[in-house]
Structures are given as C-alpha cells and as structure tokens.
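Asker:
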Amino acid sequence: MKEEEVNSCQIQEWIHNPEEEEDFVVQEGSEDEAEQTSPPPSFEELELKIKESIESLGGSVFPKLNWSAPKDSAWISSTGSLKCTSFSEIALLLRSSDSLVHDLCHAYDSRSDKTLSRPSSFFLALRKWYPSLRPEREFRCFVRNRVLVGISQREVTGYYPTILEDKTHLEMVIQEFFKGRISNWKSIPLMSMLPPVGRLNC
C-alpha cells in the first residue's frame, strides 16, 4: 500500500465534516521540557466542542481518530465498550489505546514510498452510538478502483452462523449500499468501509 492510499483511508477523507474547525495537534516535547514542571494541559475549547457534538448526536458517541477507533482500550471504560458520554471518557479511551499510538506514530512505517513518519494532522471523529448495533451485522468492505472487491466479517473473535444463512441477502444489501452511497466518490483508489448493515433492513 502506498502513502497516498493510506492517507485516503483516513476518516476525515470520507465522512462529512460539518465545518472547518481549528486543529488541535499533538505536540512532541523535548528532553529539556521534561525536566521543567508545567501545569497539566487544558483543552477548554476542544472540550466544549466535544460536549456540543455529543449533545447533537443524542448524548452517546464512540470516538475514532484518523484510521482507528480505540477498540483495545474498551476494557478500561465503565461500560466495557466504546460508548462515551463526556470528554473525559473519550480522553481516557484515547490515552489508553496502543492501536492509536501506532496510528499517531507509526502509520507509515511499512509503506513502500514512505516520506512521513506520522500524519501531518490528527482528526477526531465522533460517531453516534447505536446500542442496537450487533457485531454480527458489521462487515468490512474492500474497494479498489471504485469496485467492491471483498466483504468480510468485522468481528473476528466470534462465529455467527446467521452470516452464512443470510450470505446472499447480506451481499446484495452491502452492494446496494456501496452503489448508492460510496461508488460515486471522486477519490477511492483503495479503501475499507463499514456499511451500517444493522440499519439496512437485514
């Protein structure tokens, strides 16, 4: 996979951003700064925007950075899931996730045309939390040159016999979703998508 393809898979490249907002970029410190004591960081403006976003999405969200959601840190939340109702819950999940550290610091390490070591900016997406979304109705779909080339079960730690029983119907629903919502995007050389099959009358 090339660097351009990695960049095109970032969430901010394919979801609607309601308004251009100021970026809050992760700052790397120097060793000298580590010796100085400074007040803890404060993100009052970011916290306010996140609070407003949570309210506008019904009070519960799950966070995702450029490429990944902090799935590996769900264990630390009070619900055992990615459901968040406050800035502090989001911050806890983000700080506790090893997969996000990879995205922030090593996303380009294995790229054949690597010129960057990390993204130039970071994007936090808050998605509406659907308590009824079932793991067996989540699929990862692979697209190359605007063609849907593969569909796989997203939750790989469990076996769901209903997937085999509904295979033909699920494939049809996912293909219709792709044709109606995704295939006309101008820039999708290679991507994976997660269609909301649980909400498409399956």
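Okay, so the sequence shown: first residue is 1 according to full-length UniProt numbering, each after it adds one.
Built from N, CA and C at the ideal position, the CB exists for glycine as well.
#1: Pair every Cβ in the stretch 59-74 with every Cβ in the stretch 124-134, then say whether three or more of these pairs are closer than 8 Å.
#2: Measuring only the C-alpha atoms, how far is R137 from V173?
#3: On a Cα-Cα basis, can you pick out the residue from V101, S86 and F142 that is closest to K71?
#4: Just how far apart, CA to CA, sit L104 and T85?
#5: Quick check on the DSSP output: the alpha helix (DSSP H) that includes C105 runs from which residue to which?
#6: Should P131 be labelled buried (16 or more other beta-carbon atoms within 10 Å of its own) or exposed?
#7: Assuming S68 contacts S99 (C-beta within less than 8 Å), just tell me the rounded distance between them.
#8: Thinking C-alpha only, which one of F139, L48 and L82 is nearest K167?
#9: Quick check: the stretch 146-153 against the stretch 78-96, are there 3 or more CB pairs under 8 Å?
#10: State buried or exposed for F43, treating a residue as buried only when at least 16 other CB atoms are found within 10 Å of its CB.
#11: Would you mind reading off the limits of the beta strand (DSSP E) that contains P63?
#12: If you draw a straight line from the alpha carbon of P119 to that of I76, how long is it in whole angstroms?
#13: Which of the three DSSP states, helix, strand or coil, is assigned to F43?
#14: Given K51, which residues of its chain have a CB within under 8 Å of its CB, disregarding the five upstream and five downstream residues?
Answerer: The relevant details are as follows:
#1: Yes: at least three Cβ pairs fall under 8 Å.
#2: Across the structure, R137 and V173 are spaced so that their CA atoms are roughly 11 Å apart.
#3: When C-alpha distances from K71 are compared across V101, S86 and F142, the shortest belongs to V101.
#4: L104 and T85 have their C-alpha atoms some 24 Å from each other.
#5: Secondary structure note for C105: its alpha helix (DSSP H) is the uninterrupted segment D98 to H106.
#6: Exposed: under 16 other Cβ atoms inside 10 Å.
#7: Confirmed, Cβ separation roughly 5 Å.
#8: Considering only alpha carbons, the answer is F139.
#9: In this structure the stretch 146-153 does not touch the stretch 78-96; the number of beta carbon pairs closer than 8 Å is below three.
#10: Result: exposed.
#11: V61 to K64 is the span of the beta strand (DSSP E), which, as asked, contains P63.
#12: The alpha-carbon atoms of P119 and I76 are separated by roughly 26 Å.
#13: Three-state result, F43: coil.
#14: Taken in chain order, the residues that qualify are S86 and F87.
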